[in-house]
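To start, the structure under review is shown below, and the notes come after it.
Numbering (this note's numbering), first residue to last: 1427 to 1718.
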């Protein structure tokens, strides 16, 4: 591999499939990392915006790393399983992240998400980056049966897009999510292996929602996002919709269901654990202070 230049690319819209494909192949049950579902959820902004937010690193035509600019100052990245300790790649990634003229992250405050154990996690602190806030990954094995969630579950199609959007806004303060966002997301490549679910209580009210993303049979699926209507919390609906999400991923043939939430959100952690998810060790982004 020596002497082969590493190329950084922002893909054209018709090249997005390559990024989604490798993200599927790289998923592992033991690692929380950038998932095709993360790209799929971002796709609510449209295909053009999604392509503009993706970064791909290649060497000799092989994709070694994929990043998603999930906001102007957050790069979420994962690396090919065989390249986590590749020093040439790690140093190139560091240069592209640290230097603002590389077109990856701007000068000043910025954060990077990368797999724990990847060499870049050890190199960035040499440039003044430090650990950010802790996040808690949670994992549910899908080898066994998934019980009935206890909510009436409906699969979201175009006719329920508005209900799905209203639930999103009622679950997350400040969310601008609209039915137009849902339609854009549903047209994205990753949504071919995804489902949106809405849960209804005994009174017929839409109380909870989740979107699940498969990475293919035998690979972990992702919950992103899951929310409960603010007027219907404290009644077990978060647990129920999370169980429904696990059941949907099992139907896809997923090996497990995974989710990640800020460790400070103790309510969310407790909800997922009540739905059969097991905590993994905390993970942290690496961040550069605004003064750097």
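In this text, a Cβ means the ideal position worked out from N, Cα and C, and glycines have one as well.
- Residue environment for residue 1533: exposed (fewer than 16 other C-beta atoms within 10 angstroms of its C-beta).
- Residue 1538 and residue 1453 have their alpha carbons spaced roughly 19 Å apart.
- In the DSSP assignment, residue 1462 falls within the alpha helix (DSSP H) that extends over 1462 to 1468.
- Around the beta carbon of residue 1573, fewer than 16 other beta carbons sit within 10 angstroms, so the residue counts as exposed.
- Counting of Cβ neighbours within 10 angstroms places residue 1543 among the exposed residues, the total staying below 16.
- Proximity to residue 1463 across 1612, 1554, 1706 peaks at 1612, based on C-alpha coordinates.
- The beta carbon of residue 1580 sits closer than 6 Å to the beta carbons of 1624 from its chain, once the five residues preceding and following it are set aside; these are given in chain order.
- Annotated three-state conformation of residue 1535 is coil, per DSSP.
- In the displayed model, residue 1474 falls within a helix according to three-state DSSP.
- In the structure shown, residue 1573 falls within a coil segment according to DSSP collapsed to helix, strand and coil.
- DSSP places residue 1652 within a strand segment (E or B) once states are collapsed to three.
- Using a Cβ-Cβ distance cut-off of 8 Å, the region 1645 to 1660 and the region 1678 to 1697 are in contact, since at least three pairs of beta carbons, one from each stretch, lie closer than that value.
- Taking the Cα positions, residue 1435 is about 34 Å away from residue 1583.
- The beta carbons of residue 1521 and residue 1545 sit no closer together than 7 Å.
- If the five residues before and after residue 1578 are omitted, its C-beta is found closer than 6 Å to the C-beta atoms of 1626, all from its own chain and listed in chain order.
- Within the region 1502 to 1564, the complete beta strand (DSSP E) segments of 3 residues or longer fall at 1536 to 1539, listed in chain order.
- Rounded to the nearest whole angstrom, the CA to CA distance from residue 1502 to residue 1540 is 6 Å.
- Inter-residue distance for residue 1597 and residue 1674 is about 21 Å (C-alpha atoms, whole angstroms).
- Beta-bridge analysis with DSSP links residue 1484 to 1433, 1489.
- Taking 3 residues as the minimum length, the beta strand (DSSP E) runs contained wholly in the region 1608 to 1632 are 1620 to 1626, in order along the chain.
- Apart from sequence neighbours up to five positions away, no residue of its chain approaches residue 1508 with a beta-carbon distance below 6 Å.
- Looking only at 1634, 1536, 1565, 1487, the smallest Cα-Cα distance to residue 1665 is reached by 1634.
- The beta carbon of residue 1643 sits closer than 6 Å to those of 1679, all from its chain and outside the five residues before and after it, given in chain order.
- The C-alpha of residue 1604 lies about 42 Å from the C-alpha of residue 1552.
- A straight line joining the alpha-carbon of residue 1599 with that of residue 1694 spans about 15 Å.
- Cβ contact annotation for residue 1622 (same chain, cutoff 6 Å, sequence separation greater than five): 1582, 1590, 1637, in chain order.
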